[in-house]
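Q: To start, I am sharing the structure in question, which I have written as structure tokens.
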């Protein structure tokens, strides 16, 4: 029985001798391409470059000539290379991309880019980022404070979703909060109001920010699950929580208000060490990307945050990854380079 022991996250090394024949696989997905007069190593290199350029994280299983990939919006799919005999009896290759979960739109964009790249066709379009739309659209009431009222209602809906005992409802709630803290998916005023709620505690009252912080702190500690569905749900919730914090910090700092965050000891005592742990973890580059965005927002806004980041060793961690050249996630690499530039100001 085959195992997936031999795996890599940086390079796809295919053993031609172990390639399965396409005739043993039925049915073949429509998202496939037959490759003539191209070696397996060339196909593997082209696919690897395509994944990196689109910031799609993949784990390569060399013995099975297969890769398991995941986009930023958690669309998961498998890429498989097979031997294929055409009608003229010549041995060729067949590359198949098969969706496992997530957005069908994102999958087809990714599959098209991968299949074209494998053929050596230049791909101008990039795989789309997660859809920037609010999942709970509400009509704005009339009056001076209509935006604050609408935001309060949306926050109530999100809190209700997060309190349910259904995993899909929890994920929907956190995803909605992610969109509400981003100026790319809602109005700047709405993003600012919601972002401030993440870091502002009312006396004696639990806030939506407490839930986000709890997910981050518990998510890192609990990474072993017997239930795969629960594990995937919590993993997505954790990524959304990181994105919420990153969006909130960026939104608040754009207003020039640094004091609201500098007085929050959670950011220095809990969040910064957590961010460094995530950045070091090569197995979760999408989480690392959001972690570096958080780090960049903090160190870019305040000398105090830069000094504390330097104190806990942020610069050596970031420099090691950048100089090592092992980052196979283009957007993550760009954020890391930005971190280096900012942190070197304190060194």
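In our numbering, the protein residues as written are 5 to 351.
Beta carbons: idealized from backbone N, C-alpha and C, even for Gly.
1. Out of curiosity, what's the CA-to-CA distance linking residue 81 and residue 18?
2. Let me confirm a value: residue 118 is counted as buried when at least 16 other C-beta atoms fall within 10 Å, else exposed. Which label applies?
3. Under DSSP, the beta strand (DSSP E) around residue 105 begins and ends at which residues?
4. Once the 5 residues before and after residue 301 are set aside, which same chain residues still bring their CB inside 8 Å of it?
5. For the alpha helix (DSSP H) holding residue 301, just list the boundary residues, first then last.
6. Buried or exposed for residue 289, going by 16 or more other Cβ atoms inside 10 Å?
7. In three-state DSSP terms, what is residue 241?
8. Taking the alpha-carbon of residue 311 as reference, which of 287, 21, 276 has the nearest alpha-carbon?
9. Between which two residues does the beta strand (DSSP E) containing residue 82 stretch?
10. Under 8 Å by Cβ, that's how I've got residue 38 and residue 85 pegged, so tell me the actual separation to the nearest angstrom.
11. Can you tell me the Cβ-Cβ gap for residue 313 and residue 347, rounded? I've got them flagged as a contact below 8 Å.
12. Write down the C-beta distance between residue 259 and residue 196 rounded to the nearest angstrom, noting that I regard them as a contact closer than 8 Å.
13. Rounding to the nearest angstrom, what Cα-Cα distance links residue 186 and residue 192 in this structure?
14. Mapping DSSP to helix, strand and coil, what is residue 187?
15. In terms of residues, what are the limits of the alpha helix (DSSP H) holding residue 37?
16. Is the Cβ-Cβ distance between residue 377 and residue 60 less than 8 Å?
17. Using the Cα positions of residue 233 and residue 44, report the straight-line distance between them to the nearest angstrom.
18. Taking 8 Å as the threshold (C-beta atoms), are residue 174 and residue 181 in contact?
19. Check whether the Cβ atoms of residue 15 and residue 64 lie closer than 8 Å to each other.
20. Would you kindly report the start and end of the unbroken alpha helix (DSSP H) that includes residue 366?
21. Can you tell me whether residue 154 is buried or exposed? The criterion is at least 16 other CB atoms within 10 Å of its CB, across all chains shown.
22. Cα-Cα, which of 220, 36, 265 is closest to residue 243?
23. For residue 20, which of helix, strand or coil comes out of DSSP?
24. In angstroms with no decimal places, state the Cα-to-Cα distance between residue 25 and residue 107.
25. Check for me: the beta strand (DSSP E) holding residue 64 runs from which residue to which?
A: Well, looking at it:
1. 19 Å
2. buried
3. 95-105
4. 250, 253, 254, 257
5. 289-305
6. buried
7. helix
8. Nearest C-alpha to residue 311: 276.
9. 80-89
10. Wrong, their Cβ atoms sit about 12 Å apart, outside the cutoff.
11. 6 Å
12. 6 Å
13. Taking the straight line joining both Cα atoms gives about 8 Å.
14. coil
15. Where residue 37 is concerned, there is no enclosing alpha helix (DSSP H), although the beta strand (DSSP E) it sits in stretches over 36-39.
16. There is no way to answer for residue 377, as the model of the chain reaches only from 5 to 351.
17. 34 Å
18. One thing to note: residue 181 has its Cβ no nearer than 8 Å to the Cβ of residue 174.
19. yes
20. Only positions 5 to 351 of the chain appear in this structure, which leaves residue 366 out of reach.
21. Buried is the call here.
22. Closest option to residue 243, Cα to Cα, is 220.
23. helix
24. 29 Å
25. Segment 61-65, the beta strand (DSSP E) holding residue 64.
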